[in-house]
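J.: Dumping the structure here so I can ask a few things about it.
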Amino acid sequence: MIPYTSSGAERLILAGLQPGPEGVHPISLEIAGVARRLAGEGGFRTAGVFIAGELTPAARRQLENCGLAEVRLYLNPAFHPFVPEQQAPALLHCVGELRPEILLLGATPEGRSLAPLAAVSLETGITADCTALALNAGGLLVQTRPAFGGGLMAEILTPQARPQMATLRYGIFPHRAAGEGGSTRLVPADPGPLPPAKTQAEALTAPAAGEEAPVVLALGGGVRAREDIEFFQNLSRVLGAELMSSRSLVERGWFPQSRQIGLSGRCVAPELLITLGIAGSVQFMAGIQGARRICALNTDPAAPILRIADIPLICDLYEAAARLCP
Ligand SMILES: Cc1cc2nc3c(=O)[nH]c(=O)nc-3n(C[C@H](O)[C@H](O)[C@H](O)COP(=O)(O)OP(=O)(O)OC[C@H]3O[C@@H](n4cnc5c(N)ncnc54)[C@H](O)[C@@H]3O)c2cc1C
Numbered sequence: 050m051i052p053y054t055s056s057g058a059e060r061l062i063l064a065g066l067q068p069g070p071e072g073v074h075p076i077s078l079e080i081a082g083v084a085r086r087l088a089g090e091g092g093f094r095t096a097g098v099f100i101a102g103e104l105t106p107a108a109r110r111q112l113e114n115c116g117l118a119e120v121r122l123y124l125n126p127a128f129h130p131f132v133p134e135q136q137a138p139a140l141l142h143c144v145g146e147l148r149p150e151i152l153l154l155g156a157t158p159e160g161r162s163l164a165p166l167a168a169v170s171l172e173t174g175i176t177a178d179c180t181a182l183a184l185n186a187g188g189l190l191v192q193t194r195p196a197f198g199g200g201l202m203a204e205i206l207t208p209q210a211r212p213q214m215a216t217l218r219y220g221i222f223p224h225r226a227a228g229e230g231g232s233t234r235l236v237p238a239d240p241g242p243l244p245p246a247k248t249q250a251e252a253l254t255a256p257a258a259g260e261e262a263p264v265v266l267a268l269g270g271g272v273r274a275r276e277d278i279e280f281f282q283n284l285s286r287v288l289g290a291e292l293m294s295s296r297s298l299v300e301r302g303w304f305p306q307s308r309q310i311g312l313s314g315r316c317v318a319p320e321l322l323i324t325l326g327i328a329g330s331v332q333f334m335a336g337i338q339g340a341r342r343i344c345a346l347n348t349d350p351a352a353p354i355l356r357i358a359d360i361p362l363i364c365d366l367y368e369a370a371a372r373l374c375p
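First residue of the sequence shown: 50, per my numbering; consecutive thereafter.
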C-alpha cells in the first residue's frame with residue numbers, strides 16, 4: 050500500500066492514457082477531454098500518465114496535443130503486451146508522485162483490470178463504467194453510472210478516500226479539441242525495478258469485437274431464424290460493417306456474448322450504426338451512446354430506437370435487407 054495524503058494545494062486530475070493500435074487508444078482522448086473540462090470547472094491542474102512498450106511517432110504527436118499540462122511517460126518493453134500486474138507499479142508510482150485528487154481511466158479491458166488493482170493498493174474506491182462525470186458544489190466528483198439493469202442512474206461520491214477513481218465508458222464522452230503545436234509537456238518517468246513478468250496472465254492486445262469498427266450492423270429480436278444469420282453476415286461484408294447483436298440473439302444462442310451491444314455487453318462508437326429489428330431497450334441504448342449516426346429499421350412505429358435514430362425507417366428488415374444484398 051502507498052501511504053496517500055492528498056494535498057489541498059496540489060489539486061490535480063490525472064488522466065490514465067493508454068496506447069492503441071495507431072498511436073494512443075481513442076478512449077485516451079475522451080479522458081483527456083473530460084479531465085480538461087473538470088479542471089476548468091474546479092480549478093484543478095491536469096496531468097496524464099502513459100504506460101506503454103514504446104512511444105510511436107503517432108502517439109507522441111497525439112500526446113503532445115492532448116491539452117493536458119503534462120504527460121508522464123512510462124516506457125518499457127515489459128509493458129507490452131499488456132499485463133496488469135506489470136503496469137500497476139508504474140501507475141502507482143505516478144499517483145505517489147503527483148498525488149491526484151481524481152484519477153480517471155478507460156473502461157477498456159486494460160483499464161478494467163488495471164484500475165481495481167491500483168484502487169486496492171491505494172485503499173480507495175472506484176466507480177466502474179461511468180457514463181457521466183461532474184463536480185458538485187463541494188468540488189467532489191459526481192460519478193454517474195447505470196444501476197439496476199439501467200433502471201436508474203446512480204450518482205456516486207468518494208468523500209474521504211483519495212484519489213477519487215473512475216473508469217469511463219468508451220465512446221460516450223466527446224473528444225474535445227486540444228491545443229495544437231505540442232503544448233503538452235512529455236516527462237519521462239521510471240517506476241524502478243518491475244516485478245517478474247507473469248507468464249500465466251492473459252495478454253490483452255486485440256481490440257474487442259466492434260469496439261473500433263467505423264460501421265456496425267446490429268441484429269435484434271426481429272430476426273426470425275438462426276439460418277438467416279448467414280445472410281446478414283454476407284450483408285455485413287457488403288456494407289463493410291462489423292456484425293453485432295442485441296441481447297435477444299445472444300440469449301437465443303445465435304451470437305456469442307462478445308458480440309452483444311449494451312449495458313451487459315460492449316459499447317460501440319461507430320460513424321454509422323445500422324440496427325435491424327431492435328426495439329431500443331434502455332440496456333441496449335447504454336451501449337450505443339457514442340454512435341455518430343444511427344439508422345434504425347423496425348416495423349413498430351412506437352419502437353423507442355426510432356425516436357433517437359438519425360434515420361428512422363418503419364419497414365420490414367427482411368425486405369430492406371434483400372434490396373441491399375439481393
Ligand atoms: C440486467 C439486464 C441487462 C441487460 N443488458 C442488455 C444488453 O447489454 N444489451 C441488450 O440488447 N439487452 C440487454 N438487456 C435486455 C433488454 O432489456 C431487452 O430485452 C433487449 O435489448 C431486447 O432486444 P431486442 O430489442 O433486439 O428484441 P425485442 O425486444 O424482441 O425487439 C424486437 C424488435 O424487432 C421489431 N421487429 C420484429 N420483426 C421485425 C421485422 N420483420 N422487421 C423490422 N423490425 C421487426 C419489433 O417491432 C421489436 O421492436 C438486459 C436486461 C437486463 C435485465
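Where a beta carbon is used, it is the ideal one built from N, C-alpha and C, also for glycine. Everything numeric in this text was worked out from a predicted model, so none of it was measured.
1) Go through the segment 202-232 residue by residue and report every complete run of the beta strand (DSSP E) that reaches 3 residues or more, in order.
2) Below 6 Å CB to CB, which residues in the same chain sit around Ile363 once its five sequence neighbours on both sides are set aside?
3) Using a threshold of 7 Å, is the CB atom of Tyr367 nearer than that to any non-hydrogen atom of ligand 1?
4) According to the neighbour-count rule (16 or more other Cβ atoms, all chains shown, within 10 Å of its Cβ), is His224 buried or exposed?
5) With DSSP as the reference, label Cys143 as helix, strand or coil.
6) Just how far apart, CA to CA, sit Ile205 and Gly187?
7) Whole angstroms is fine: what's the gap from Cys316's alpha carbon to Gly339's?
8) Just checking Asn347 against ligand 3 - is the residue's beta carbon closer than 7 Å to any of the ligand's heavy atoms?
9) Whose C-beta lies closer than 7 Å to the C-beta of Pro237 among residues of the same chain, with five residues either side of it excluded?
10) Cβ atoms of Gln309 and Ser294: under 8 Å apart, would you say?
11) Candidates Val265, Val83, Phe93: which alpha carbon is nearest Ala215's?
12) Determine the DSSP secondary structure at Asp178, reduced to helix, strand or coil.
13) Write down every uninterrupted run of the beta strand (DSSP E) in the segment 79-118 whose length is 3 residues or greater and which is fully enclosed by it, in chain order.
14) Tell me whether the beta-carbon of Glu320 lies closer than 8 Å to the beta-carbon of Val264.
15) Taking the alpha-carbon positions, what's the Gln192 to Gln135 distance?
16) Pull up the DSSP beta-bridge partners for Thr348, would you.
17) Is the beta carbon of Ser330 within less than 7 Å of some heavy atom of ligand 1?
18) Short of 8 Å in beta carbon distance, which residues of its chain neighbour Gly92, apart from the five on each side in sequence? Order them along the chain.
19) Return the first residue and the last residue of the beta strand (DSSP E) that Ala196 is part of.
20) Is the distance from the Cβ of Leu63 to the Cβ of Val144 below 8 Å?
21) Distance check for Ile323 and Ala335, CA to CA, integer angstroms please.
22) Got a sec? Which residues, its chain only, sit under 8 Å from Thr173 by beta carbon, not counting five neighbours each side?
23) If Ala370 and Leu298 are in contact, beta carbons under 8 Å, what's the gap, nearest whole angstrom?
24) Starting from the Cα of Asn185, find the closest Cα among Gly269, Leu87, Glu119, Phe280 and give me that residue.
25) Does the Cβ of Phe280 lie closer than 7 Å to at least one heavy atom of ligand 1?
26) Among residues of its own chain, excluding the 5 on either side of Gly220, which ones have a beta-carbon nearer than 6 Å to its beta-carbon?
27) Let me know the secondary structure DSSP gives Arg273 once reduced to three states.
28) Exposed or buried, what is Pro126 when buried is set at 16 or more other beta-carbons lying within 10 Å of its beta-carbon?
29) Looking only at its chain, what residues have a beta carbon closer than 7 Å to the beta carbon of Ile354, apart from the 5 residues adjacent to it on each side?
30) Enumerate in chain order the residues of its own chain whose CB-to-CB distance from Glu71 is below 7 Å, with the five nearest sequence positions on each side excluded.
31) Buried or exposed: Ser77, going by 16 or more other Cβ atoms within 10 Å of its Cβ?
32) Measure how close the beta-carbons of Ala164 and Ile175 come, nearest whole angstrom, since I'm counting them as under 8 Å.
T.: Taking the coordinates as given:
1) Entirely contained in the segment 202-232, the beta strand (DSSP E) runs reaching 3 residues are, in chain order, 213-217.
2) For Ile363, where only same-chain residues beyond five positions count, the Cβ hits under 6 Å are Pro350.
3) Under cutoff, so the answer is yes.
4) It is exposed - the Cβ of His224 has fewer than 16 other Cβ atoms within 10 Å.
5) Look at Cys143 here: in three-state DSSP terms it is helix.
6) C-alpha of Ile205 to C-alpha of Gly187: approximately 14 Å in a straight line.
7) Rounded to the nearest angstrom, the gap between the Cα atoms of Cys316 and Gly339 is 8 Å.
8) Looking at this structure, you won't find ligand 3 anywhere; what it does contain is ligand 1.
9) Closer than 7 Å at Cβ, skipping near neighbours: Leu122.
10) Yes. Within cutoff.
11) It is Val83.
12) Asp178 falls in the strand class under three-state DSSP.
13) Look at the segment 79-118 and you find these whole runs of beta strand (DSSP E), each 3 residues long or longer: 94-101.
14) Cβ atoms of Glu320 and Val264: closer than 8 Å.
15) Distance between the alpha carbons of Gln192 and Gln135 is about 28 Å.
16) DSSP, once it has assigned bridges, lists no residue as partnering Thr348.
17) Distances from the CB of Ser330 to the heavy atoms of ligand 1 include at least one below 7 Å.
18) Beyond the five residues adjoining it in sequence on each side, Gly92 comes within less than 8 Å, by CB distance, of Arg60 in the same chain, given in chain order.
19) Its beta strand (DSSP E) spans residues 190-196.
20) Annotated as proximal: Leu63 and Val144, with beta-carbon spacing under 8 Å.
21) Each residue's alpha carbon lies about 16 Å from the other.
22) Contacts found: Tyr53, Thr207, Ala210, Arg211, Pro212, Gln213, Met214.
23) About 15 Å separates the Cβ atoms of Ala370 and Leu298, ruling out a contact at the 8 Å cut-off.
24) Checked all of Gly269, Leu87, Glu119, Phe280; the closest Cα to Asn185 is Leu87.
25) No, Cβ of Phe280 sits at least 7 Å from all heavy atoms of ligand 1.
26) For Gly220, the CB contacts under 6 Å within the same chain, skipping 5 residues up- and downstream, are Cys316, Ala318, Gly339 in chain order.
27) Per DSSP, reduced to three states, the secondary structure at Arg273 is coil, with no helix or strand assignment.
28) Residue environment: Pro126 is assigned as exposed (fewer than 16 neighbouring CB atoms within 10 Å of its CB, all protein chains considered).
29) Contacts found: Thr324, Ile327, Ala328, Gly329, Ala345, Asn347.
30) Spatial neighbours of Glu71 in its own chain (CB-CB distance under 7 Å, excluding positions within 5 residues in sequence) are listed in chain order as Ala107.
31) A residue is called buried once 16 or more other Cβ atoms fall within 10 Å of its Cβ, and Ser77 is buried on that count.
32) Their Cβ separation, rounded to whole angstroms, is 6 Å, which keeps Ala164 and Ile175 in contact under 8 Å.
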